[in-house]
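Notes follow once the structure below has been shown.
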Amino acid sequence: MIKDVQLPTSGTRFGRRDALRVGGITLSLAALVAACGDDVGGSEAPGRVGYAPPVTDPADYPVDDAVLLRTSSSLENTIISVYDEILASGELETDATTLIERLIEDHQAISDEMNALAIGAGGEAWDCTNPWMVDRLVEPVMEVIETSDDPARDMLSFAISLESLAAATNQTFASELSTVDLRAAAISAATLESRHSAALPIFVYGPVSYVSPALRGEQPGTTSEDLPQWYAITSAFGSIGQINLVIGAPDENGTRSSFFLQTPAANSYIYNELEPTC
Amino acid sequence: MDPETAEPASSRRSLISAIGAAGLASAAALGVARPASAAPFTTTPEDRELLEQAMGLELTARDLYLETIEAGISDDILEVVEALSGNHSAYAQAIAAVIGASAAGRNEELYTELQPEFATTDIEAFATAGWNLENSAVATHTELFSLYESIDAVSLTGSILVVEARHATVLADIGGFSDDLDKLFEPQAEPLVLTGDSGGEES
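Quick mapping for you: the protein sequence lines, in order, are chains H and D. One gets our numbering by counting positions in the first sequence from 1 and adding 1 to each. One gets our numbering by counting positions in the second sequence from 1 and adding 430 to each.
Encoded structure:
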């Protein structure tokens with residue numbers, strides 16, 4: 002006689018594995034529904050990992066001719082303040098001092114002209130430096146120069162980069178200003194600052210700095226201290242791209258400090274709504 | 431040639447004879463009064479006429495530097511001369527692209543006048559001739575800059591003339607007069623008079 006035995010089957014029992022499986026699926030579906038739902042709450046800002054300064058949105062003010070002209074003037078004033086600090090340091094030789102003094106005169110003349118044009122365009126003159134540039138560029142760069150292995154070299158490198166920045170800025174504004182006479186003033190400033198920007202590398206490095214090898218499709222060179230070589234003629238057309246400034250004493254890995262200079266944008270414009278900071 | 435006593439290039443030539451002096455003056459007056467914010471993006475027929483003259487100037491500059499190379503200028507500055515010729519060729523090509531034409535048609539009158547100054551192996555003489563040419567080109571493009579109507583023409587011209595100013599600075603140093611900061615930064619140059627006498631030279 003065969004004993005009638007009922008064996009357990011998996012189809013009829015609900016085990017621990019099944020519970021975990023079902024639970025996982027349920028949680029996943031819940032997360033999916035929550036993500037796709039209409040009532041999503043919380044911050045919509047992109048996720049941020051690690052420590053970083055809070056993001057500040059650029060001001061939402063209108064940009065007109067007066068803003069561009071005031072911004073140009075602020076850049077000129079910033080350069081003058083840097084050159085004044087360089088001269089006050091006493092690090093430069095006599096010839097370099099004479100050259101920097103001439104550059105100050107030229108930048109003051111441009112600043113005065115841009116301010117006069119800003120008033121004519123319905124704005125107010127801006128006799129201060131550019132606060133954004135001073136905070137984010139000038140002060141950090143000057144701190145590095147203070148502890149540099151060759152402050153005079155780095156001061157002149159900073160001057161070359163500032164002249165290139167001023168030329169690029171006014172070249173850019175020359176296409177953005179709304180009347181022909183304002184455009185003409187901006188392109189004249191860009192032309193003069195291009196001459197400055199070409200004269201400084203020649204003054205510092207001599208004929209080796211006449212023309213960048215990049216014009217021949219070759220890699221630009223480096224100095225005897227393995228710093229990027231500055232050139233008088235860097236490209237066939239006027240560049241408005243960012244400028245890389247490498248200065249300071251090398252660290253234990255031989256790495257120096259790098260800064261990137263960019264033409265003014267929404268975060269560094271001198272809007273008509275801004276109050277003078279000087 | 432002593433740059434101090436050099437005759438300004440402008441006194442030998444006058445700008446854009448195709449539209450005439452009176453036409454230029456009235457165009458300049460209109461240009462200053464005209465708000466550029468309403469400027470078209472692409473070149474107008476008037477722009478193209480002026481840009482064609484500018485292209486002729488650039489092709490002339492390219493060929494003048496080639497004259498110096500063919501004359502056998504010293505290897506010390508050969509790379510510089512080649513770069514200057516190459517840049518002016520690039521400007522002609524860029525202008526040709528904007529106006530939708532071939533980069534052809536140097537200014538024969540200007541070329542014939544300046545060719546003897548550039549066909550030399552004397553570095554100082556070459557540098558002075560080049561310095562005069564570059565500063566005159568800057569002055570010419572600056573003048574044209576105020577006459578153009580389109581954003582295309584303005585942007586391209588701006589990016590050309592700022593580098594030609596750099597060319598002039600290098601040539602001043604090669605010529606040995608870069609210590610004179612007034613001459614280096616404020617050269618007295620007048621716009622060239624471009625006759626549009628095209629020789630039809632192909633690039």
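Quick reminder that beta carbons are idealized off the backbone N, C-alpha and C, glycines included.
Taking only beta-carbon atoms, is residue i less than 8 Å away from chain H?
i	result
Glu554(D)	no
Glu543(D)	no
Ile590(D)	yes
Phe615(D)	yes
Ala595(D)	yes
Gly634(D)	A question about residue 634(D) goes unanswered here, because the residues of chain D that appear run from 431 up to 633.
Val462(D)	Since pLDDT at Val462(D) reaches only 42, below the 50 mark, its modelled position is unreliable, and no value is offered.
Ile499(D)	no
Leu563(D)	no
Leu480(D)	no
Leu611(D)	yes
Thr473(D)	no
Ser608(D)	yes
Ile503(D)	no
Ile525(D)	no
Val584(D)	yes
Asn517(D)	yes
Ile581(D)	yes
What is the residue span of the alpha helix (DSSP H) that residue i lies within?
i	result
Ile244(H)	That residue, Ile244(H), is in no alpha helix (DSSP H); its beta strand (DSSP E) goes Ile244 to Ile248.
Leu614(D)	Leu611 to Phe615
Leu591(D)	Ile581 to Gly605
Arg154(H)	Pro152 to Glu177
Pro202(H)	Val181 to Tyr206
Glu144(H)	Glu140 to Glu147
Suppose the cutoff is 6 Å on Cβ atoms and the five residues either side in sequence are ignored; what does the same chain contact list for residue i look like?
i	result
Gly560(D)	Leu601
Ala549(D)	Glu497 and Ala501
Tyr495(D)	Val511, Leu514 and Ser515
Terminal residues of the continuous beta strand (DSSP E) containing residue i?
i	result
Ser258(H)	Ser258 to Leu262
Using a Cβ-Cβ cut-off of 8 Å, state whether residue i counts as contacting chain D.
i	result
Gly121(H)	no
Phe238(H)	yes
Asp151(H)	no
Ile111(H)	no
Asp107(H)	yes
Ser82(H)	no
Ala233(H)	yes
Give the DSSP bridge partners of residue i, in chain order.
i	result
Ile503(D)	According to DSSP, which records beta bridges pairwise, Ile503(D) is partnered with nothing at all.
Ile284(H)	Summary: the structure shown does not reach residue 284(H), with chain H confined to residues 2 through 279, and so no result is reported for it.
Thr223(H)	Pro229(H)
Spatial neighbours of residue i within its chain, please: CB distance less than 7 Å, with the 5 preceding and 5 following residues excluded, ordered by chain position.
i	result
Glu616(D)	none
Thr472(D)	Ser580 and Asp582
Using a Cβ-Cβ cut-off of 8 Å, state whether residue i counts as contacting chain C.
i	result
Val181(H)	Within the model displayed, chain C is absent; protein chains H and D are what it includes.
For residue i, I'd like the list of residues in its chain whose CB is within less than 8 Å of its CB, leaving aside the five on either flank, ordered along the chain.
i	result
Trp231(H)	Ser158, Ile161, Leu201, Pro202, Val205, Tyr206 and Ser210
Ser234(H)	Sequence inspection shows Ile at residue 234(H); the Ser mentioned does not correspond to that position. The residues are Ala199, Tyr211, Val212, Ser213 and Leu216.
Ala126(H)	Arg71, Ser74, Asn116, Ala117, Ala119 and Ile120
Leu544(D)	Thr490, Leu494, Ala559 and Leu563
Sequence ranges, alpha helix (DSSP H) only - wholly within the segment 509-571 of chain D, length at least 4: 538-548
Those runs of the alpha helix (DSSP H) which lie wholly inside the segment 74-121 of chain H and span at least 4 residues: 95-121
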